[in-house]
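Engineer: Attaching a single structure in structure tokens format; questions to follow.
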């Protein structure tokens, strides 16, 4: 016999009890740990046909020899055999694309509660072509056989990847965009391209207006296999500035020169999905560089010394031919507003005369970031590491640019350099940091606070405020071998600071940050 | 100076967007519940008009007979009224699948007391089994000191999605543009892009519920 009301119900206030505004700090969402419930529970009442033993449902049509085995995964419910998969709603996408993404196929025998049936919706959504996917099961032609209805709601797959605009002392204005179509003609093939035009003000001798274009095509899953292929063609008509006099923070155009160049290249790649979250990729690149280099370029240092400037390019026409390999693993449940999981990206590229190129070099780049929720999911801390090393006689464009590691500078766009501004000198370390280096990276810690989360009814899914701080560094290996100043003054490091807002909306993702603003105006 | 100007222009926009969207933030619903000592355990029951039945809207209810499994995951915590550290936790999972041939619903209930498989004829019965909170053991009395005030917090999810699956569904967002010139951006930068961006929620629906404060009366 139960005792009633040994607990007094205490209404602290009549209208609003004294509870915290924070939502309960319960474990993160997701399927539960099956081992968690351990406490006894009294009988909950009469049931119709209790059945704690093995399944007693009528047997379906038995699979013949060579059929896939029954998928035992702690499932329940009747055993069914898939007789047909009926796809509807796919006005543009080829049904075969959807069929290949499904974890089930005709002839499979499984329990009605099988994990594959539960996952099917998400496997199709993971294609990125659909707004929604619903599944239903109906009777087939014989008892035990079923028809799986897959209804998809297609969505626009046009993507504006990048929008370039800004103004700097070097380039009064630049404008460009990169767009893509992720599902060309419903074939699951992605195409895209970008174009940018950057006006040069003419004050830098040798400078000229710049433009660059790129076309891309890729198929992430060739005929439903884990293999994917990609190709890209690029064309760059640019001019590279270099300093001939003055300190590095001197933006006087007369202290700089520029030389013209053009690049035309193609890339071909293949990818292999080791798992849903892990991908290997490999590729080859062939590029022709045409440039008119100044004869024996020099720079007059502030102390009056004159030193040679290495522009890291062969005069006239040269070729870059490389082979590359990359590893990518991304476990972040939400890559836009991450609060958990990690992302690892490692890439190695090898170029040389053996492959037909003019430059013998190798590069290794890596990036790792990991997010940890703090207490509740509202707060998160992240560590972000990125870096690379260039070995050998790498062409100028394959070296690490200072804006690659210092996000408070104007980033390169389609390979074009748009600013010659020096980095902010915050730590008082080496003032004359190189524009290009062969050893560079950044290490930052970021704190993100969940400003809000929405269901998308108001077109906004969520927003985070973040604060990041860390160090960035860029050096040429020769500088590390000898120094003529104190250790602190020689360190090619400085501070990175950033803060801003990340927004995830149903029309895309946006970052409004201090570094982003600085990168468009300096 | 220009950067500061831009920041000054952007900041109000950001705050406006944040304020509008903040209204959607999830707040726990306060429900009156019945707590009972049963042996050495505390049990809880929801009271009308409360409960977790609202987890199922018309669409979710109709989906029960599609033959695709549905599941309800209930996470229960009891915490001191003024703290978030739980003194007791429970995890309950209830799943149902419709047999299109025999036209019955098979439910699997995983909760304190072990696993139970039940078959019912009608969808309304299945819904009741999925959403009933009746004399549910939630804590041992030993962890609930007399006279200390507690609250029960409950997060109820319909068809929750694992973090791995969420990562897989949204992975295409971070796969870059297929290897272009902007190597620096891929390794060091961030991305900002515009596209039709549907988002898969962590669950079809989530209820966050809090009980009224309660305490054990002295014997």
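Residue numbers (the numbering used here), protein chains in the order written: chain P, 1 to 522; chain Z, 523 to 741.
Beta carbons are placed, not taken as given, at the ideal position from N, Cα and C, and that holds for glycine.
Tell me which same chain residues have a C-beta within less than 7 Å of the C-beta of residue 514/P, skipping the five on either side of it?
Structural biologist: Once the five neighbours on either side are set aside, the close Cβ partners of residue 514/P are 498, 499 and 500.
Engineer: Would the segment 570-584 of chain Z and the segment 136-152 of chain P be scored as touching if the rule is three or more Cβ pairs under 8 Å?
Structural biologist: No, they do not touch.
Engineer: Give the residues of chain P in contact with residue 689/Z, contact being defined as C-beta atoms less than 7 Å apart.
Structural biologist: Neighbours of residue 689/Z on chain P, chain order: 277, 330, 331, 332, 333 and 341.
Engineer: For a quick check, are the C-beta atoms of residue 658/Z and residue 642/Z less than 8 Å apart?
Structural biologist: Not a contact, by the Cβ cut-off of 8 Å.
Engineer: Let me know the secondary structure DSSP gives residue 183/P once reduced to three states.
Structural biologist: In this structure, residue 183/P counts as strand in the three-state DSSP scheme.
Engineer: Report yes or no: do three or more beta-carbon pairs, one from the segment 267-278 of chain P and one from the segment 295-310 of chain P, lie closer than 8 Å?
Structural biologist: No: the two stretches stay apart, fewer than three of their Cβ pairs being nearer than 8 Å.
Engineer: Assign residue 623/Z to buried or exposed, taking buried as 16 or more other Cβ atoms, counted over all protein chains shown, within 10 Å of its Cβ.
Structural biologist: Buried, because 16 or more other Cβ atoms sit within 10 Å of the Cβ of residue 623/Z.
Engineer: So what's residue 255/P in DSSP terms, helix, strand or just coil?
Structural biologist: Correct three-state label for residue 255/P: helix.
Engineer: Measure the C-alpha to C-alpha separation of residue 503/P and residue 142/P and round it to an integer number of angstroms.
Structural biologist: One C-alpha to the other measures close to 51 Å.
Engineer: Could you tell me the distance, in whole angstroms, from the CA atom of residue 680/Z to the CA atom of residue 285/P?
Structural biologist: Answer to the nearest angstrom: the Cα atoms are 48 Å apart.
Engineer: Tell me, please, whether the CB atom of residue 433/P is closer than 8 Å to any CB atom in chain Z?
Structural biologist: Cβ-Cβ to chain Z under 8 Å: no for residue 433/P.
Engineer: Taking Cβ positions only, does residue 146/P come closer than 8 Å to chain Z?
Structural biologist: Answer yes: the Cβ-Cβ gap between residue 146/P and chain Z drops below 8 Å somewhere.
Engineer: For residue 47/P, which residues in the same chain have their Cβ closer than 7 Å to its Cβ, ignoring the five residues on either side in sequence?
Structural biologist: Residue placement at residue 47/P cannot be trusted, given a pLDDT of 28 that sits under 50; what the coordinates show is reported in the next sentence. Nothing meets the Cβ criterion.
Engineer: Tell me whether residue 175/P is buried or exposed, calling it buried when 16 or more other Cβ atoms sit within 10 Å of its Cβ.
Structural biologist: With fewer than 16 Cβ atoms within 10 Å of its Cβ, residue 175/P is classed as exposed.
Engineer: Just the Cα atoms here: how many angstroms apart are residue 465/P and residue 161/P?
Structural biologist: So the two alpha carbons sit approximately 22 Å from each other.
Engineer: What residues in the segment 96-117 of chain P have a beta carbon less than 7 Å from any beta carbon of chain Z?
Structural biologist: Cβ contacts with chain Z come from 112, 113 and 117.
Engineer: For chain Z, check one thing: does any of its Cβ atoms lie closer than 8 Å to the Cβ of residue 40/P?
Structural biologist: Here the model assigns residue 40/P a pLDDT of 32, short of 50, so the residue's position is not dependable and the matter cannot be decided.
Engineer: Please list, in chain order, the chain P residues whose beta carbon lies closer than 9 Å to that of residue 609/Z.
Structural biologist: Simply none; closest approach about 13 Å.
Engineer: Expressed to the nearest angstrom, what Euclidean distance is found between the alpha-carbon atoms of residue 128/P and residue 219/P?
Structural biologist: Using only the alpha carbons, I get a separation of about 13 Å.
Engineer: What do you reckon, are the CB atoms on residue 324/P and residue 353/P nearer than 8 Å?
Structural biologist: Result no, Cβ atoms of residue 324/P and residue 353/P do not sit closer than 8 Å.
Engineer: Answer with buried or exposed for residue 433/P, where buried requires no fewer than 16 other C-beta atoms within 10 angstroms of its C-beta.
Structural biologist: Burial call: buried.
Engineer: Mind checking residue 380/P: buried by the 16 CB within 10 Å criterion, or exposed?
Structural biologist: Burial call: buried.
Engineer: For residue 587/P, which residues in chain Z fall below 7 Å Cβ to Cβ?
Structural biologist: Examination of residue 587/P is not possible in this model, given that chain P is present from 1 through 522 alone.
Engineer: Let's see if you can read the secondary structure: which residues bound the beta strand (DSSP E) around residue 638/Z?
Structural biologist: Its beta strand (DSSP E) spans residues 636-642.
Engineer: How many Å lie between residue 330/P and residue 688/Z at the Cα?
Structural biologist: So the alpha carbons of these two residues sit roughly 11 Å apart.
Engineer: If we define contact as Cβ-Cβ less than 8 Å, is residue 246/P a contact residue for chain Z?
Structural biologist: No, residue 246/P does not count as interfacial toward chain Z.
Engineer: Please report the distance separating the alpha-carbon of residue 652/Z from that of residue 584/Z.
Structural biologist: Distance between the alpha carbons of residue 652/Z and residue 584/Z: 14 Å.
Engineer: For residue 315/P, count neighbouring Cβ atoms within 10 angstroms of its own Cβ and tell me buried if that reaches 16, exposed if not.
Structural biologist: That one is exposed.
Engineer: In this structure, how does DSSP classify residue 86/P when only helix, strand and coil are distinguished?
Structural biologist: Strand, per DSSP.
Engineer: Please state the DSSP three-state secondary structure of residue 234/P.
Structural biologist: Correct three-state label for residue 234/P: strand.
Engineer: List the endpoints of the continuous beta strand (DSSP E) containing residue 323/P.
Structural biologist: Looking at the DSSP string, the run of the beta strand (DSSP E) that includes residue 323/P is 316-330.
Engineer: Residue 712/Z CB to nearest chain P CB: under 8 Å?
Structural biologist: The predicted model places residue 712/Z with a pLDDT of 46, which falls under 50 and marks its position as unreliable; any figure quoted below should be read in that light. Yes, its Cβ sits closer than 8 Å to a Cβ of chain P.
Engineer: Using Cβ-Cβ distances below 7 Å, what residues of the segment 237-264 of chain P are close to chain Z?
Structural biologist: Going along the segment 237-264 of chain P in chain order, one finds no residue with a Cβ nearer than 7 Å to chain Z.
Engineer: Looking at residue 663/Z and residue 559/Z, is the spacing between their C-beta atoms short of 8 Å?
Structural biologist: Contact flag set, yes.
Engineer: Please report whether the beta-carbon of residue 683/Z lies at a distance below 8 Å from any beta-carbon of chain P.
Structural biologist: So yes, residue 683/Z belongs to the interface.
Engineer: Cβ of residue 567/Z less than 8 Å from any chain P Cβ?
Structural biologist: It does not; no Cβ of chain P falls within 8 Å.
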